[in-house]
Structure formats: C-alpha cells, structure tokens
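Protein chains in written order, with my numbering: chain U, 16 to 127; chain R, 691 to 800.
Yeah, the Cβ is synthetic: ideal placement off N, Cα and C, and Gly gets one too.
Please read these numbers as outputs of a predicted model, since none were measured by experiment.
See below for the structure under consideration.
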Amino acid sequence: GAGVSQTPSNKVTEKGKYVELRCDPISGHTALYWYRQSLGQGPEFLIYFQGTGAADDSGLPNDRFFAVRPEGSVSTLKIQRTERGDSAVYLCASSSNTGELFFGEGSRLTVL
Amino acid sequence: GEDVEQSLFLSVREGDSSVINCTYTDSSSTYLYWYKQEPGAGLQLLTYIFSNMDMKQDQRLTVLLNKKDKHLSLRIADTQTGDSAIYFCAINNAGNMLTFGGGTRLMVKP
Numbered sequence: 016g017a018g019v020s021q022t023p024s025n026k027v028t029e030k031g032k033y034v035e036l037r038c039d040p041i042s043g044h045t046a047l048y049w050y051r052q053s054l055g056q057g058p059e060f061l062i063y064f065q066g067t068g069a070a071d072d073s074g075l076p077n078d079r080f081f082a083v084r085p086e087g088s089v090s091t092l093k094i095q096r097t098e099r100g101d102s103a104v105y106l107c108a109s110s111s112n113t114g115e116l117f118f119g120e121g122s123r124l125t126v127l
Numbered sequence: 691g692e693d694v695e696q697s698l699f700l701s702v703r704e705g706d707s708s709v710i711n712c713t714y715t716d717s718s719s720t721y722l723y724w725y726k727q728e729p730g731a732g733l734q735l736l737t738y739i740f741s742n743m744d745m746k747q748d749q750r751l752t753v754l755l756n757k758k759d760k761h762l763s764l765r766i767a768d769t770q771t772g773d774s775a776i777y778f779c780a781i782n783n784a785g786n787m788l789t790f791g792g793g794t795r796l797m798v799k800p
C-alpha cells in the first residue's frame, strides 16, 4: 500500500495476556518508529529502528515491552502480561532519508 | 528531558484566524513541526520550519518561530469547519525522534 499500515486497528484483551501489534512501513523506508498515545495526550516515543536494529529503545516503559524488525521492513511490537495502564493507541511511523515521518492510523489497545 | 507545552483548547468562528501556540525547552532542535490529528485518524504532517528560519508561509498556514523565547506558533487564516482537529507541535532531538506536545483541540464554530 501507499502508506504505513498497522494491524489490528483495534485490540481488546484481558489483563495479563500477551499482545502483538504489527506495522508495515512505506516500502523503502529504512527508519521505523513506535509511539504510544494515551487518551488526551500527545504521542510518546517508544523505540526507533534503523534497518533491522533498534537504534534507540529508551522510550520502552519496562521489560514487558519489546519490538522487532527482523528483515528491516515489517515491525512487531510485543507486550507481555498486559496491564490496564497499557491501554492506548500505538502509532507506527516510517521515514526515508529526507526525514519526514509518515504515521499509520494506529492500533487501539484496550486492556480490561 | 525535552518538554513541549501547548494550551489544551481553542475555539474560533468560521472565517476567523486561529493561532495555536507551543513552547519548548530544548534549543538544539533542527526542525519544528505541526501535525494535525482528526478523530480516529493518524497524524498528518501539516508543515514544518527549519530552526534557522523565523517564518514560513504555506497557503493558509503561517509558522512563526521565536528561538530566543523558544516559542512556536501556527496561524491558520480563514479557518474552516474542516480545520477542527487536534494540533500537535513536535520538535526533533536525537536524529528523527520527535517529542510532541500534548495537543491543542481546535473547535471551529459555523
């Protein structure tokens, strides 16, 4: 597709469950970012990939959160033992060397 | 860390100008951005300004940057009901990583 694609668009889970969120960036974009947007707030940085490697994971809140990008394209954000406070919209963005970030529509996670 | 602040809410009448303000703390940013977010949609880049510029105009949008005061503003001329959305300012620090403000909800009344 032409833009950043994120799946699922909505995910409802129970506290303690494991969740995976997927991001398919724009073809050819080497950089990929994950942000988290809680209700009524701006997006907060989680992790940044350049190619296959995590160039900066300083925004991950704790070790329950992990992200991979094994082939330098699609990325998966993984959340273990979900908590109610993890409920948010998880946004993915990609960019080329020009630097402009293109955002997907996000995956809304609700932890009951 | 970086801190980016915005007022929460702005209400204007259709046809008036809107001015959305943003203050930040990190003076080393290279680019400063304005994003628009409509309900249920992703973030859309509206415009950006390079840190060595004072002003940038793009059709109905005017961005003003006061580096001394670390103040960024977005002016929307002839505001339309379709401009109703949440507007985020964002600045880059390390590489392309962006720090966002909390967003300003713009309501345009007919």
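**Message:** Between Ala-775/R and chain U, is any beta-carbon pair separated by less than 8 Å?
**Reply:** no
**8 Å Cβ cut-off: residues of chain U touching Met-787/R** = Tyr-48, Phe-60, Tyr-63 and Asp-71
**Message:** Within 10 Å of its beta-carbon, does Tyr-33/U have 16 or more other beta-carbons around it, so buried, or fewer, so exposed?
**Reply:** exposed
**Asked** Using 8 Å as the limit for Cβ to Cβ distance, is Phe-740/R near chain U?
**Response** no
**Message:** Would the segment 66-85 of chain U count as touching the segment 108-117 of chain U if we require 3 or more Cβ pairs under 8 Å?
**Reply:** no
**Request:** List the whole-angstrom C-beta distance separating Asp-768/R from Arg-795/R, where the pair is believed to meet the contact cut-off of C-beta under 8 Å.
**Result:** Not confirmed; about 20 Å, so no contact.
**Request:** Could you run through the segment 108-124 of chain U and flag, in chain order, every residue whose CB is less than 7 Å away from some CB of chain R?
**Result:** Ser-110, Gly-114, Glu-115, Leu-116, Phe-118, Gly-119, Glu-120 and Gly-121
**Message:** Counting beta carbon pairs with one atom in the segment 48-65 of chain U and one in the segment 21-31 of chain U, are three or more of them shorter than 8 Å?
**Reply:** no
**Min CB distance Gln-56/U to chain R below 8 Å** = yes
**Message:** In this structure, how does DSSP classify Gly-68/U when only helix, strand and coil are distinguished?
**Reply:** strand
**Request:** Please confirm if Leu-106/U has its CB atom under 8 Å from at least one CB of chain R.
**Result:** yes
**Prompt:** Cα separation between Arg-84/U and Gly-121/U?
**Reply:** 17 Å
**Request:** Starting from Ile-710/R, follow the beta strand (DSSP E) in both directions and report where the run begins and ends.
**Result:** 708-714
**Request:** Can you give me, in chain order, the residues of the segment 696-715 of chain R that have a beta carbon less than 9 Å from any beta carbon in chain U?
**Result:** Gln-696 and Leu-698
**Asked** Arg-37/U lies in the beta strand (DSSP E); which residues open and close that run?
**Response** 34-39
**Prompt:** In the structure shown, what three-state DSSP assignment does Asp-748/R receive?
**Reply:** strand
**Message:** Looking at Thr-720/R: is its Cβ nearer than 8 Å to the Cβ of Ser-741/R?
**Reply:** yes
**Request:** Take Ala-766/R and list the residues in its own chain whose beta-carbon comes closer than 7 Å to its own, dropping the five residues that flank it on each side.
**Result:** It is worth fixing the name first, because residue 766/R is Ile in this sequence and not Ala. Excluding sequence neighbours, Ile-766/R sits near Ser-707, Ser-708, Arg-750, Leu-751 and Asp-773.
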